[in-house]
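Peer 1: Position 141 of the sequence shown, counted from 1, bears residue number 140 in numbering that gives the first Met the number 0, the numbering being contiguous throughout. Heads up, the beta-carbon is just placed ideally off N, CA and C, and yes, glycines get one too. In this text the structure is predicted, and so the values were computed from the model without any measurement. This structure is in structure tokens; I'll ask about it shortly.
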Amino acid sequence: MSEEITTAVELLESIGTAVNAISDNLGANRLDRVAFRKCLYDYSDRAASDSRLIDAARQNVRCANRALFLAQAHMELICWLAENNYTISSTSIKWYSWKKLFAKYRLPLLGVSSQTSHLRSRLQSVKNIASQVYTDLDDANIPTVLDSIVKYRKIRGPPVESPPEAIQDLIHRAIIARKQLSQ
């Protein structure tokens, strides 16, 4: 990762790759978390497509403000994944030592329903905001190049006045979280 990431497109595409690695690690660790892994794969598909929405939204002020909210929703989800440390590879887990297992691997061994529901709610929030950005772009007649994997609905949201943070601040915070995910 020697090159510096400067745009939301580059960041979210690299995040999609990291999230795929997380899902693969969960499978390699013999932790059968089908619902959780499905949510992670859905997010990794969505991240690259949403990055193109964010990039296209820069052409219109109204769209750009809502795109900043979308970038913030992505950043919150990325930080939550980094905070929960799901990137541990199967070779680094000492299965014979419960103490080591619980210290390194924060995903509960017996039930992940609360983590899965939390991930689903964050993913649903990202989907709703992305659909609102898509609707704003469509209303403003701004062309977008999207993947056929992700489908967007047309959802009208309340008007957005000012963004929560500048895009550079969001990118900087998400880059730090991406580095944590990639370790």
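My output table needs one value for LYS153: the three-state DSSP class, helix, strand or coil.
Peer 2: On the sequence shown, residue 153 is found 154 positions in, with the first residue counted as 1. In this structure, LYS153 counts as coil in the three-state DSSP scheme.
Peer 1: Rounded to a whole number of angstroms, what is the C-alpha to C-alpha distance between ALA17 and ALA46?
Peer 2: What you label residue 17 is simply residue 18 of the sequence shown in a count that begins at 1. What you label residue 46 is simply residue 47 of the sequence shown in a count that begins at 1. Spanning the two alpha carbons is a distance of roughly 11 Å.
Peer 1: Here's the rule I'm using: 16 or more other beta-carbon atoms within 10 Å means buried, otherwise exposed. How should SER130 be labelled?
Peer 2: Stepping through the sequence shown from its first residue, residue 130 is reached at position 131. Buried, since its Cβ has 16 or more Cβ neighbours within 10 Å.
Peer 1: How far does the alpha helix (DSSP H) with ASN64 in it extend, from its first residue to its last?
Peer 2: Taking the first residue of the sequence shown as position 1, residue 64 is located at position 65. That run of the alpha helix (DSSP H) goes 60 to 83.
Peer 1: Candidates TRP79, LEU76, ALA66: which alpha carbon is nearest GLY156's?
Peer 2: On the sequence shown, position 157 is the one that residue 156 refers to. Ranking the options by Cα distance to GLY156, first place goes to ALA66.
Peer 1: Relative to the C-alpha of LEU122, which candidate in ASP41, LYS178, ASP54, ASN83 has its C-alpha closest?
Peer 2: Counted from its first residue, the sequence shown places residue 122 at position 123. Closest by alpha carbon: ASP41.
Peer 1: Along the chain, where does the alpha helix (DSSP H) that runs through ALA34 open and close?
Peer 2: As a position in the sequence shown, residue 34 is number 35, starting the count at 1. 33 to 55 is the span of the alpha helix (DSSP H), which, as asked, contains ALA34.
Peer 1: DSSP three-state label for ILE141, please.
Peer 2: In the sequence shown, residue 141 corresponds to position 142, counting from 1. Correct three-state label for ILE141: coil.
Peer 1: Report the rounded CA-to-CA distance for SER50 versus VAL125, giving the unit in angstroms.
Peer 2: Your numbering for residue 50 matches position 51 in the sequence shown. Your numbering for residue 125 matches position 126 in the sequence shown. Looking at the two C-alpha atoms, the distance is approximately 12 Å.
Peer 1: Starting from the Cα of LEU10, find the closest Cα among ARG57, MET74, THR143, ARG36 and give me that residue.
Peer 2: Counting from one through the sequence shown, the residue named residue 10 turns up at place 11. It is MET74 whose Cα lies nearest to the Cα of LEU10.
Peer 1: Can a CB atom of chain C be found closer than 8 Å to the CB of VAL33?
Peer 2: Here there is only one protein chain, and chain C is not present.
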